[in-house]
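Q:
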Amino acid sequence: MSKYVVGIDVGGTSTKFGLFMTDGEKIDKWKIATDSEDNGKHLTGHIIKSIKERFVEHSISEGRLTGIGIGVPGFVDEATGVVDIAVNIGWENYPLKAILADAFHVPVFINNDANLAAAGEHWQGAGKKEASSFFVTLGTGVGGGIIVNGDLVTGLNGTAGEIGHTVTVPHGRLCTCGREGCLEEYVAAKGLRRSLRDYLRNFKDSRSLHKDSEVIDIYEAAKAGDALAAYIVNEAAYYLAYALANAVTLINPEKIIIGGGMSAAGETLLHPLVDHYKRFVLKEADESLSFEFARLGNDAGIYGATWLVLKRLGYFE
């Protein structure tokens, strides 16, 4: 009798689900709005209800559910299944694993959303052929995930891979984490918008940008030859290259995978990024490394959450 796994990716605006068989075949995917009202206290109930409804739609008995994996945008303790803090949701010291396990009576595995996006790309995406890779996601913030020898590296407290909070500019911009000069303050969407506002005051040569321009406008303007936009993109690529070169020296992966909404910038970002990276990286660590954009898009998280269940339950050799 077929067994099933549910992979869940909790996002700030939507929560995505994937229903998979234990052989990895995807049966269905869907999403619901992420309800963060009242510090997210209703969201888990919505998740439980949605899974139960989908099982009914597919005429699948809940007894055939093998496990649930879930990625959360915040700091989590994989061992206990407690969400230490997920600011965008409102969860703090939240026993997510216990609640879901009580509802379905199956093993539940929880991890950071960027880690699981990395796992998804490793399993079925851009990192499928590599045993080791580093995944960086560029969007509202900057996250990362490390795969070494086919498994996630999360560290003692689950913070391994948090490249967005590596200090890249000492005494630089104040980050939401409370420190100064974190990478995401220069490379994430909010960082690029701040750079635009700062430089517009003194840079008069832009033909198409203004203080309210969106990040995609900056990349499009850079591609079209706008001098200010090109400067901002080059600066972001410089700082990202600096951080990635250090990560490669430490981890020695086979591939760097770039995902997130800003990866849509394509070669406009990748070309200066690789140029700067080659200047910074230790030659011996870079001998066979390649760059690639993520392939799974918004589905990476549900694939990674499913992979986590299958990996922890021994379905992979």
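full-length UniProt numbering numbers the first residue of the sequence shown as 1 and each following residue consecutively.
We put the beta carbon where it would ideally sit given N, CA and C, even for glycine.
1. Can you tell me which of the three DSSP states Leu-174 falls into?
2. Taking Gly-11 as the reference, which of Thr-306, Phe-316, Lys-311 and Asn-298 has the closest Cα?
3. Three or more beta-carbon pairs under 8 Å between the segment 219-232 and the segment 263-272, yes or no?
4. Around the C-beta of Cys-177, are 16 or more other C-beta atoms found within 10 angstroms, so that it is buried, or is it exposed?
5. What separation, rounded to the nearest whole angstrom, lies between the Cα atoms of Ile-163 and Ile-110?
6. On the CB-based measure, 16 or more other CB atoms within 10 Å of its CB, does Val-56 come out buried or exposed?
7. Could you tell me which of Thr-306, Glu-292, Val-248 and Lys-311 sits nearest to Lys-283, measuring between CA atoms?
8. Cα-Cα, which of Val-72, Gly-40 and Ala-305 is closest to Gly-120?
9. Exposed or buried, Thr-44, counting other C-beta atoms within 10 Å across all chains shown (16 or more means buried)?
10. Restricting to runs no shorter than 3 residues, where is the beta strand (DSSP E) found entirely within the segment 72-158?
11. Considering only DSSP beta bridges, list what Thr-15 is partnered with.
12. Could you tell me how far apart the beta carbons of Gly-139 and Ala-189 are, in whole angstroms, since I believe they sit closer than 8 Å?
13. Would DSSP call Thr-44 helix, strand or coil?
14. Can you tell which of Phe-104, Asp-35 and Lys-311 has the C-alpha that lies nearest to the C-alpha of Gly-63?
15. With DSSP as the reference, identify every bridge partner of Glu-292, one or two as the case may be.
16. When burial is assigned at 16 or more other CB atoms within 10 Å of the CB, is Asp-102 buried or exposed?
17. Just curious, the alpha helix (DSSP H) that His-271 is in, first and last residue?
18. Sort Asp-275, Ser-288, Arg-279 and Asp-217 by Cα distance to Met-262 and report the nearest one.
19. Which term fits Asp-28, buried or exposed, when burial requires 16 or more other beta carbons within 10 angstroms of its beta carbon?
20. Which first and last residues belong to the alpha helix (DSSP H) in which Ser-195 is found?
A: Taking the structure as given:
1. strand
2. Asn-298
3. yes
4. exposed
5. 20 Å
6. exposed
7. Val-248
8. Ala-305
9. By the 10 Å Cβ count, Thr-44 comes out buried.
10. The segment 72-158 contains these whole beta strand (DSSP E) runs: 75-77, 82-86, 91-94, 108-112, 133-138, 142-148 and 151-153.
11. Val-10 and Ile-32
12. 6 Å
13. helix
14. Phe-104
15. Paired residue(s): Ile-257.
16. Under this definition Asp-102 is an exposed residue.
17. 267-280
18. Asp-217
19. exposed
20. 189-200
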